[in-house]
Amino acid sequence: MKTIILREPYQLELTDTPPPPPPAANEAQLRVRRVGICGTDLHAFAGRQPFFTYPRILGHELALEVLALGDSSIPHDLAVGDLCCVRPYINCGVCDACQRGFVNACTTLQTLGVHRDGGMREIINLPIDKLHKSPTLDEEELALVEMFSIGCHAVRRSAITPGETALVVGVGPIGLGAAHFAHLAGARVIALDVSEPRLAFARTQPAIDHLIDGKGDVHEQLKALIPDGLPTVVFDATGSGASMMNSFKYVAHGGKLVFVGLFQGDVTFNDPEFHRREMTLFASRNATPQDFQQVMAALEAKHIDVKPWITRCDSPEQMIQDFPKWLDPANGVVKAMFKF
Ligand SMILES: [Zn+2]
Ligand SMILES: [Zn+2]
Numbered sequence: 024m025k026t027i028i029l030r031e032p033y034q035l036e037l038t039d040t041p042p043p044p045p046p047a048a049n050e051a052q053l054r055v056r057r058v059g060i061c062g063t064d065l066h067a068f069a070g071r072q073p074f075f076t077y078p079r080i081l082g083h084e085l086a087l088e089v090l091a092l093g094d095s096s097i098p099h100d101l102a103v104g105d106l107c108c109v110r111p112y113i114n115c116g117v118c119d120a121c122q123r124g125f126v127n128a129c130t131t132l133q134t135l136g137v138h139r140d141g142g143m144r145e146i147i148n149l150p151i152d153k154l155h156k157s158p159t160l161d162e163e164e165l166a167l168v169e170m171f172s173i174g175c176h177a178v179r180r181s182a183i184t185p186g187e188t189a190l191v192v193g194v195g196p197i198g199l200g201a202a203h204f205a206h207l208a209g210a211r212v213i214a215l216d217v218s219e220p221r222l223a224f225a226r227t228q229p230a231i232d233h234l235i236d237g238k239g240d241v242h243e244q245l246k247a248l249i250p251d252g253l254p255t256v257v258f259d260a261t262g263s264g265a266s267m268m269n270s271f272k273y274v275a276h277g278g279k280l281v282f283v284g285l286f287q288g289d290v291t292f293n294d295p296e297f298h299r300r301e302m303t304l305f306a307s308r309n310a311t312p313q314d315f316q317q318v319m320a321a322l323e324a325k326h327i328d329v330k331p332w333i334t335r336c337d338s339p340e341q342m343i344q345d346f347p348k349w350l351d352p353a354n355g356v357v358k359a360m361f362k363f
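Add 23 to a position in the sequence shown, counting from 1, and you land on the number used in the numbering used here.
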């Protein structure tokens with residue numbers, strides 16, 4: 024079967040590998056129908072992903088078709104032929120975090136396609152309890168569920184309520200997802216970015232009420248939209264340390280700041296300003312089963328029109344060729360995906 028291996032930084036290779044053995048107990052064997060590409064894959068490609076070893080099979084945003092099911096000791100609703108997506112965070116189930124329900128932040132968590140081999144291959148065996156099926160979502164929508172779940176989880180962390188104002192800093196796919204779920208939670212949504220193509224795409228999204236050009240005076244633009252110029256919840260989805268440290272300035276007194284993206288370094292902030300606002304700072308990591316269910320329900324109900332988001336690609340050969348340029352915001356690609 025076809026398998027794409029990232030041998031070392033900048034070296035993606037299409038190879039032929041033996042298919043996996045029949046599924047073990049509590050596993051399903053699945054055909055990979057779509058693979059979404061995200062920033063994590065770019066970081067791995069460019070050698071910037073922490074705790075990453077080579078060679079590695081990338082791919083954690085997957086639409087899958089059930090080919091076979093192993094014996095299962097856990098209840099499930101999967102049948103051969105079903106389409107599903109995968110929650111790609113492999114947690115231990117026994118650590119204190121897992122026991123307390125923080126399965127997305129397990130102390131030994133491994134993500135498919137990052138810490139262990141992922142879905143850039145024609146057939147894969149996966150744990151049944153990580154699969155979420157949908158009777159109505161198509162392959163492209165299923166390959167977007169994980170990405171949306173990241174934004175959905177960030178919004179859940181914020182506990183934002185109807186009538187609040189959310190500022191989303193950085194409207195790449197993850198920020199757009201946070202914007203959509205903040206909107207679905209009843210918030211007024213302001214999006215901020217420095218990239219012209221990203222702002223132009225954000226303008227087409229009905230979930231976003233206002234846009235702010237990050238290259239201009241942000242405070243002035245915020246003041247024109249909110250009486251005191253400070254949104255109650257700020258989501259930073261840039262993955263830029265400079266932006267994340269700057270985002271403290273935009274949060275209302277009594278407000279919340281959620282770091283959706285992360286960067287490799289220390290965040291510093293002025294404590295008197297932080298205290299004066301009695302601000303709450305959240306990290307948001309991965310997503311929970313509940314987030315996946317909420318995203319799938321929102322997509323099934325057509326609350327988000329994802330068709331304009333997707334740049335398709337029909338062959339792994341072309342994917343390897345196009346990979347580096349897909350991820351440059353200047354190309355206007357919101358979400359790239361391919362199939363075998
Ligand atoms: Zn991703
Ligand atoms: Zn655990």
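We treat Cβ as the ideally placed atom computed from N, Cα and C, and that holds for glycine.
- Boundaries of the alpha helix (DSSP H) around residue 339: 339 to 349.
- Taking 7 Å as the cut-off, the C-beta of residue 83 counts as close to a heavy atom of ligand 1.
- In the three-state reduction of the DSSP assignment, residue 197 falls in the helix class, which pools H, G and I.
- Of the heavy atoms belonging to ligand 2, none sits nearer than 7 Å to the Cβ of residue 311.
- About 6 Å separates the CB atoms of residue 305 and residue 279; that is less than 8 Å, so the two are in contact.
- Distances between the C-beta of residue 170 and the heavy atoms of ligand 1 include at least one below 7 Å.
- For the options 290, 202, 343, 52, the alpha carbon positioned closest to that of residue 38 is the one of 343.
- Nearest to residue 201 by alpha-carbon distance, out of 218, 186, 180, 220, is 180.
- A Cβ-Cβ separation of about 27 Å leaves residue 285 out of contact with residue 164 under the 8 Å criterion.
- Near ligand 2, residues with a Cβ at less than 5 Å from any of the ligand's heavy atoms are 114, 115, 118, 121, 129; the list follows chain order.
- The DSSP assignment places complete beta strand (DSSP E) segments of no fewer than 3 residues inside the stretch 78 to 134 at 84 to 92, 106 to 109, in order along the chain.
- Taking a contact to require three or more Cβ pairs closer than 8 Å, the stretch 316 to 330 and the stretch 287 to 294 do not qualify as touching.
- The shortest C-alpha to C-alpha distance from residue 242 to any of 31, 168, 275 is the one to 275.
- Pairwise C-beta distances place the stretch 64 to 74 out of contact with the stretch 104 to 119, as fewer than three of them are shorter than 8 Å.
- At the C-beta level, residue 30 and residue 98 stay beyond 8 Å of one another.
- Its chain contains 319 as the residues whose beta carbon lies nearer than 6 Å to that of residue 157, once the 5 sequence neighbours on both sides are disregarded; these appear in chain order.
- Cβ-Cβ distances below 6 Å link residue 94 to 48 in the same chain, with the five nearest sequence neighbours on each side left out; the list follows chain order.
- Sorting 219, 206, 265, 277 by C-alpha distance to the C-alpha of residue 290 places 265 at the top.
- Secondary structure at residue 145: coil, using DSSP grouped into helix, strand and coil.
- Within a 10 Å sphere around the beta-carbon of residue 358 sit 16 or more other beta-carbons, which makes this residue buried.
- A residue is called buried when at least 16 other Cβ atoms come within 10 angstroms of its Cβ; residue 100 does not meet this threshold and is exposed.
- In the same chain as residue 337, and ignoring 5 residues on each side of it, the C-beta atoms closer than 8 Å to its own belong to 361, 362, in chain order.
- Inclusion of residue 63 in the 7 Å shell around ligand 1 follows from its C-beta lying nearer than that to a non-hydrogen atom of the ligand.
- Counting only the Cα atoms, residue 313 lies some 26 Å from residue 143.
- Burial check for residue 251: the Cβ neighbour count within 10 Å stays below 16, so the residue is exposed.
- Residues of the same chain with a CB within less than 7 Å of the CB of residue 307, apart from the 5 flanking positions on each side, are 176, 177, 180, 281, 282, 283 in chain order.
- The alpha-carbon of residue 183 is positioned some 42 Å away from that of residue 46.
- Under the DSSP assignment, residue 68 falls in the alpha helix (DSSP H) whose first and last residues are 62 to 68.
- Note on geometry: alpha-carbon atoms of residue 299 and residue 277 lie some 9 Å from one another.
- Inclusion of residue 28 and residue 80 in the CB contact set at 8 Å is warranted, their separation being smaller than that value.
- Shortest Cα-Cα distance from residue 74 to any of 116, 134, 234, 263 involves 134.
- Cβ neighbours of residue 231 within its own chain (closer than 6 Å, five residues either side excluded): 202, 212, 214, 225.
- Sequence-distant partners of residue 258 (beyond 5 residues in either direction) whose C-beta falls short of 6 Å from its own C-beta, in its chain, are 177, 191, 201, 281, 283.
- Residue 360 carries a strand assignment under DSSP once its states are collapsed to helix, strand and coil.
- By the C-beta density criterion, residue 216 is buried, having at least 16 other C-beta atoms within 10 angstroms.
- Cβ neighbours of residue 248 within its own chain (closer than 7 Å, five residues either side excluded): 213, 233.
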